[in-house]
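What follows is one structure encoded as structure tokens, with my remarks underneath.
Next comes the structure, spelled out in structure tokens:
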């Protein structure tokens, strides 16, 4: 069993949050959370980046917390990139859709991921011996089939990192929503100031729009058009 094997060998896990990672010949990237096996976690870590050439070890596990932003980066580009770099496991927690996506290399020399199949809603990490689960609108971590030495501390450290990332995501989402609300009000205010009637249907479209580019386009049009329909036209 993986956990017993780790316990016998006294293996440890190094965890980092939003630390730059440098692979030879690759642009630097900063995963939300990554883990490296068999590397101790110093109390006062001097590392500012994980440089694979210096450490002689690549990453073993990556977790990205996806909120509003470039979904293609985490869900498509990173799936290809992390597999190509030989990172054994990659998990994505999609906060907006309350989903987990898991990927795993089935062999050390494999360079294409296979999807991790959940068991009763749990996505197992073979690398860490833990299960990832969504409960109560948040990501939770539990013991998997095996048990790593010091796994209580491991879960505590990982949970703290995930909670920190979720708090940052919530703050970022609040700022985005505040900006969107301001743009919605501005569109209606400009139309009103120019004496342009805004029917209930048009007003509802403005107030329900959550695309910054669309709201910006409507705001610019509102300064020169003669009707709400023109301002909210689908034409670019």
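In my numbering, the protein residues as written are 13 to 248.
Ideal placement from N, C-alpha and C gives every residue a C-beta, glycine not left out.
Source: prediction; values computed, not measured.
Give the list of continuous alpha helix (DSSP H) stretches no shorter than 4 residues that lie fully inside the stretch 144-224.
163-205, 212-220
Report all residues from its chain with a CB closer than 7 Å to the CB of residue 69; omit the five preceding and five following residues, and keep chain order.
Here the question's residue 69 lines up with position 57 in the chain shown. For residue 69, where only same-chain residues beyond five positions count, the Cβ hits under 7 Å are 48, 51.
At least 3 beta-carbon pairs within less than 8 Å: the stretch 218-231 vs the stretch 185-198
yes
Buried or exposed: residue 100, going by 16 or more other Cβ atoms within 10 Å of its Cβ?
Within the chain shown, numbered from 1, the residue matching residue 100 stands at position 88. Buried, because 16 or more other Cβ atoms sit within 10 Å of the Cβ of residue 100.
Measure the alpha-carbon distance for residue 119 versus residue 135 and round it to whole angstroms.
Residue mapping note: residue 119 aligns to position 107 of the chain shown, counting from 1. Residue mapping note: residue 135 aligns to position 123 of the chain shown, counting from 1. The alpha-carbon atoms of residue 119 and residue 135 are separated by roughly 19 Å.
Compute the Euclidean distance between the alpha carbons of residue 64 and residue 38, then round it to the nearest angstrom.
By 1-based counting over the chain shown, the position of residue 64 is 52. By 1-based counting over the chain shown, the position of residue 38 is 26. So the alpha carbons of these two residues sit roughly 11 Å apart.
Start and end of the alpha helix (DSSP H) containing residue 101?
Within the chain shown, residue 101 is the residue found at index 89, counting from 1. Looking at the DSSP string, residue 101 is not in any alpha helix (DSSP H); the run it does join, the beta strand (DSSP E), is 101-106.
Put residue 35 into one of helix, strand or coil per three-state DSSP.
In the chain shown, counting from the first residue as 1, residue 35 sits at position 23. Coil at residue 35, not helix or strand.
Considering Cα atoms alone, identify which of 92, 62, 79, 126 is closest to residue 108.
Along the chain shown, read from residue 1 onward, the residue named residue 108 stands at position 96. For the residues 92, 62, 79, 126, the minimum Cα distance to residue 108 belongs to 79.
Specify the secondary structure class of residue 117 as computed by DSSP and reduced to three states.
Taking the first residue of the chain shown as position 1, residue 117 is located at position 105. Reduced to three states, the DSSP call for residue 117 is coil.
Do you know offhand how far residue 131's Cα is from residue 145's?
Stepping through the chain shown from its first residue, residue 131 is reached at position 119. Stepping through the chain shown from its first residue, residue 145 is reached at position 133. For residue 131 and residue 145, the distance between alpha carbons rounds to 10 Å.
Can you name the residues that DSSP bridges to residue 136?
Stepping through the chain shown from its first residue, residue 136 is reached at position 124. 143.
Can you tell me the Cβ-Cβ gap for residue 94 and residue 74, rounded? I've got them flagged as a contact below 8 Å.
Along the chain shown, read from residue 1 onward, the residue named residue 94 stands at position 82. Along the chain shown, read from residue 1 onward, the residue named residue 74 stands at position 62. Correct: roughly 6 Å between the Cβ atoms.
By the 10 Å Cβ neighbour count, where 16 or more other Cβ atoms means buried, how is residue 84 classified, buried or exposed?
Mapped onto the chain shown, residue 84 falls at position 72. Answer is exposed; the Cβ neighbour count stays below 16.
Residue range of the unbroken beta strand (DSSP E) whose run includes residue 94
As a working note, residue 94 is residue 82 in the chain shown. Not the beta strand (DSSP E): residue 94 falls in the alpha helix (DSSP H), residues 90-96.
For residue 125, write down the residues that DSSP places opposite it in a beta bridge.
Within the chain shown, numbered from 1, the residue matching residue 125 stands at position 113. None; residue 125 has no bridge partner.
Exposed or buried, residue 172, counting other C-beta atoms within 10 Å across all chains shown (16 or more means buried)?
Residue numbering aside, residue 172 sits at position 160 when the chain shown is read from its first letter. Exposed, because fewer than 16 other Cβ atoms sit within 10 Å of the Cβ of residue 172.
CB of residue 256 within 8 Å of CB of residue 33, strictly
Here the chain comprises residues numbered 13 to 248, so residue 256 is not present and cannot be evaluated.
Return the chain-ordered list of same chain residues with a C-beta closer than 8 Å to the C-beta of residue 36, the five sequence neighbours on each side being excluded.
Stepping through the chain shown from its first residue, residue 36 is reached at position 24. Cβ neighbours of residue 36 beyond the five flanking positions: 64, 65.
Which same chain residues, not among the five before or five after residue 72, have their C-beta less than 6 Å away from its C-beta?
If you number the chain shown from 1, residue 72 lands on position 60. The answer, listed in chain order, is 47, 48, 49, 100, 139.
Let's test the definition: count the other Cβ atoms within 10 Å of the Cβ of residue 160 and tell me whether it reaches 16, buried, or not, exposed.
The residue labelled residue 160 in the question sits at position 148 within the chain shown. Interpretation of residue 160 is limited by its pLDDT of 38, a score under 50 that renders its predicted location unreliable; the figure taken from the coordinates is listed afterwards. Classification for residue 160: buried.
Three-way DSSP call (helix, strand, coil) for residue 27 in this model:
On the chain shown, position 15 is the one that residue 27 refers to. The answer is strand: DSSP assigns residue 27 an E or B state.
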